[in-house]
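In what follows, a structure is listed as structure tokens, so that the remarks can point back to it.
Number of protein chains: 2
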Amino acid sequence: MGHEWDVHTAVEATPDGFSAELDPGWVVGGGVNGGYLLGVIGRAIGETVPAKPDPLAVSAFYVSASRPGPATVRTRVVRDGGSTATVAAELAQGEDTRITALATYGDLSRLPDDVRTTAVEPQLPPVEECFAMSTAPDTPPLMERFDMRLDPSCLGWALGQPSGRGLLQAWFRMADGRDPDPVQLLMVLDSLPPVSFDLGQMGWAPTLELTAHVRAVPAPGWLKVSHRTRNVAGGMFEEDCEVWDSAGRLVAQSRQLARLPRPA
Amino acid sequence: MGHEWDVHTAVEATPDGFSAELDPGWVVGGGVNGGYLLGVIGRAIGETVPAKPDPLAVSAFYVSASRPGPATVRTRVVRDGGSTATVAAELAQGEDTRITALATYGDLSRLPDDVRTTAVEPQLPPVEECFAMSTAPDTPPLMERFDMRLDPSCLGWALGQPSGRGLLQAWFRMADGRDPDPVQLLMVLDSLPPVSFDLGQMGWAPTLELTAHVRAVPAPGWLKVSHRTRNVAGGMFEEDCEVWDSAGRLVAQSRQLARLPRPA
Numbered sequence: 001m002g003h004e005w006d007v008h009t010a011v012e013a014t015p016d017g018f019s020a021e022l023d024p025g026w027v028v029g030g031g032v033n034g035g036y037l038l039g040v041i042g043r044a045i046g047e048t049v050p051a052k053p054d055p056l057a058v059s060a061f062y063v064s065a066s067r068p069g070p071a072t073v074r075t076r077v078v079r080d081g082g083s084t085a086t087v088a089a090e091l092a093q094g095e096d097t098r099i100t101a102l103a104t105y106g107d108l109s110r111l112p113d114d115v116r117t118t119a120v121e122p123q124l125p126p127v128e129e130c131f132a133m134s135t136a137p138d139t140p141p142l143m144e145r146f147d148m149r150l151d152p153s154c155l156g157w158a159l160g161q162p163s164g165r166g167l168l169q170a171w172f173r174m175a176d177g178r179d180p181d182p183v184q185l186l187m188v189l190d191s192l193p194p195v196s197f198d199l200g201q202m203g204w205a206p207t208l209e210l211t212a213h214v215r216a217v218p219a220p221g222w223l224k225v226s227h228r229t230r231n232v233a234g235g236m237f238e239e240d241c242e243v244w245d246s247a248g249r250l251v252a253q254s255r256q257l258a259r260l261p262r263p264a
Numbered sequence: 265m266g267h268e269w270d271v272h273t274a275v276e277a278t279p280d281g282f283s284a285e286l287d288p289g290w291v292v293g294g295g296v297n298g299g300y301l302l303g304v305i306g307r308a309i310g311e312t313v314p315a316k317p318d319p320l321a322v323s324a325f326y327v328s329a330s331r332p333g334p335a336t337v338r339t340r341v342v343r344d345g346g347s348t349a350t351v352a353a354e355l356a357q358g359e360d361t362r363i364t365a366l367a368t369y370g371d372l373s374r375l376p377d378d379v380r381t382t383a384v385e386p387q388l389p390p391v392e393e394c395f396a397m398s399t400a401p402d403t404p405p406l407m408e409r410f411d412m413r414l415d416p417s418c419l420g421w422a423l424g425q426p427s428g429r430g431l432l433q434a435w436f437r438m439a440d441g442r443d444p445d446p447v448q449l450l451m452v453l454d455s456l457p458p459v460s461f462d463l464g465q466m467g468w469a470p471t472l473e474l475t476a477h478v479r480a481v482p483a484p485g486w487l488k489v490s491h492r493t494r495n496v497a498g499g500m501f502e503e504d505c506e507v508w509d510s511a512g513r514l515v516a517q518s519r520q521l522a523r524l525p526r527p528a
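Chains A and B supply the protein sequences, listed in that same order.
First residue of the first sequence: 1, per the working numbering; consecutive thereafter.
First residue of the second sequence: 265, per the working numbering; consecutive thereafter.
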């Protein structure tokens, strides 16, 4: 069987692209989690350019909400040369395009070893002192996929007292213990609740666009994930995410533009 | 005649898409400035969906270096519905794709007025106390397009003493005084020297991918622009840019993934 991530993101080559089955276990907020969908697309792109297995940069535009069930991913190589390949991809259900994406893939294991990070690793209390999202009432199916432990200092929103800082951070691993890999990081970057919770704006915030940079192969074990926003305006906000691995390395970064949830 | 920005970014509809003429005045580092190219693409997308005139989010993947001369931009509407339209675009010269891009356009003037920005406006000395890039020796043609005044506190690299902070900031306007608009902000986001200068890595750094978010219509007058990097690793760095308008509003944000320049 293997781990559920590998089963749920499996794609099969067809004469018309790739077929996938979107698992209902990733439903959140009336649609299917965008990070999971990016993982499915990421697998299809990886099979399109197998000599360049790792995502370096992926931009996804979410044009309609996905639902569980069959989907197709069509890929087109824009350029494949030197150490990278750029590929266009679209995920559709029936006649409806759900996501259109562009990606540059390469081989992270062949990059030089230099690291000069001035970014600071998130400071989190020990895992056992953080809040297990799976124990919250009324959590969406998505949260059953993860062992996600939110930093209690970012949990005021759950008690009706959001900090207003625009910060969420958490420990993250898959519920079944599967270790992270570069394609899975595309999903981890969009796994936490929206940072707008910390601004007192409850409700799931639809992503217009998300761009992910995967900067290194993650070490096995727990990941640390942080979400920040600095500019809420015009009914939208940017959400910056960082993923740090168990070796203390910043392995992935993303920025998304999302709509604020409408008042309930 | 009009301002040079409008002339240089003009596109003409043809049966095969749009034709453009890439002006030699935008050459930098052996290619044509990526921000200018994004402006040309932005104009073509705007003409493709005229009821949605403003870029909200644009992601561009740079697959080969452009040169001055004729170019074509082909656009395809992925989805046009509600308040936004998502469009795919490719800029090519002859058989060579230069840039492949995705964009969501809308109407910035119709967005709600809420603004809650925790981001802090760049603190810059007065314009007349900053360093005019146009007076530097051996500046590329690109810099003649701008009246760009770099913050002296970020200029150590010019004297062989980069600060190592990973920060550049400047006042910006067009040399001919044209006021900014949303499409032009796509160029402003990629107009400063690479932030890698401040890390002592001279040379122009090729962009792999750049995603821009335009958050508001800019007020007329000087802009403030900042570039930051926090994660240099694997021969690449991310560069985050902010553009603030003369009314003190954060009007555009971008992140790019770029390659470090090779040692000379």
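All C-beta atoms, glycine included, are put in the ideal place defined by N, C-alpha and C.
As the structure is a prediction and not an experimental result, all values here were calculated from the model.
Return helix, strand or coil for residue 528 of chain B, following the three-state DSSP convention.
Here residue 528 of chain B scores only 49 on pLDDT, less than 50, and its place in the model should not be relied on; the value that follows carries that caveat. Coil.
Could you tell me which of B:331, B:515, B:524 sits nearest to residue 321 of chain B, measuring between CA atoms?
B:515
I'd like to know if the segment 96 to 106 of chain A and the segment 32 to 46 of chain A are in contact, where contact means that at least 3 CB-CB pairs between them fall below 8 Å.
yes
Pull out every residue of the segment 114 to 131 of chain A whose Cβ sits closer than 8 Å to any Cβ of chain B, in chain order.
114, 115, 116, 117, 118, 119
DSSP has residue 495 of chain B in a bridge; who is on the other side?
A:117
Below 8 Å on the Cβ atoms is my contact criterion, and I expect residue 440 of chain B with residue 485 of chain B to pass it. Report the Cβ-Cβ distance as a whole number of Å.
That pair is no contact at about 14 Å.
Secondary structure at residue 432 of chain B, three-state DSSP: helix, strand or coil?
strand
What are the residues that DSSP puts in a beta bridge with residue 516 of chain B?
B:478, B:507
Count the C-beta pairs between the segment 314 to 334 of chain B and the segment 468 to 477 of chain B that are closer than 8 Å, then say yes if the count reaches three, no if not.
yes
Would you list the one or two residues that DSSP bridges to residue 502 of chain B?
B:521
Measure the alpha-carbon distance for residue 298 of chain B versus residue 234 of chain A and round it to whole angstroms.
27 Å
Give the straight-line distance between the Cα atoms of residue 90 of chain A and residue 111 of chain A, rounded to the nearest whole angstrom.
28 Å
Indicate the three-state DSSP secondary structure (helix, strand or coil) for residue 374 of chain B in the structure shown.
helix
Check whether the Cβ atoms of residue 193 of chain A and residue 239 of chain A sit closer than 8 Å, and answer yes or no.
no
Around the Cβ of residue 392 of chain B, are there at least 16 other Cβ atoms within 10 angstroms (buried) or fewer (exposed)?
exposed
Could you tell me the boundaries of the alpha helix (DSSP H) in which residue 408 of chain B lies?
It is not in any alpha helix (DSSP H) - residue 408 of chain B carries neither H nor E in the DSSP assignment.
Along chain B, in chain order, which residues have C-beta atoms closer than 9 Å to that of residue 67 of chain A?
Simply none; closest approach about 17 Å.
From residue 342 of chain B to residue 400 of chain B, what does the alpha carbon distance come to, in whole angstroms?
44 Å
Could you tell me whether any Cβ in chain A is nearer than 8 Å to the Cβ of residue 297 of chain B?
no
Give the secondary structure of residue 357 of chain B by DSSP, where H, G and I count as helix, E and B as strand, and everything else as coil.
strand
Hey, how far is the Cα of residue 282 of chain B from the Cα of residue 51 of chain A?
35 Å
For residue 182 of chain A, the first and last residue of its enclosing alpha helix (DSSP H)
182 to 188
C-alpha gap between residue 218 of chain A and residue 142 of chain A, whole angstroms:
22 Å
Taking the C-alpha atoms as reference points, what is the distance between residue 463 of chain B and residue 412 of chain B?
20 Å
Does any residue of chain A bring its CB to less than 8 Å from the CB of residue 342 of chain B?
yes
Thinking residue 416 of chain B and residue 395 of chain B are a contact (beta carbons under 8 Å), I'd like their distance in whole angstroms, please.
6 Å
Of all the CB atoms in chain B, is at least one closer than 8 Å to the CB of residue 59 of chain A?
yes
When you compare each of A:213, A:29, A:174, A:154 to residue 226 of chain A by their alpha carbons, which one comes out closest?
A:154
Complete runs of the beta strand (DSSP E) confined to the segment 14 to 58 of chain A [at least 3 residues]:
17 to 22
Member of B:466, B:296, B:380 whose CA lies at the smallest distance from the CA of residue 512 of chain B
B:380
Between the C-alpha atoms of residue 101 of chain A and residue 390 of chain B, what's the straight-line distance to the nearest angstrom?
42 Å
Which residues bound the beta strand (DSSP E) around residue 80 of chain A?
69 to 81
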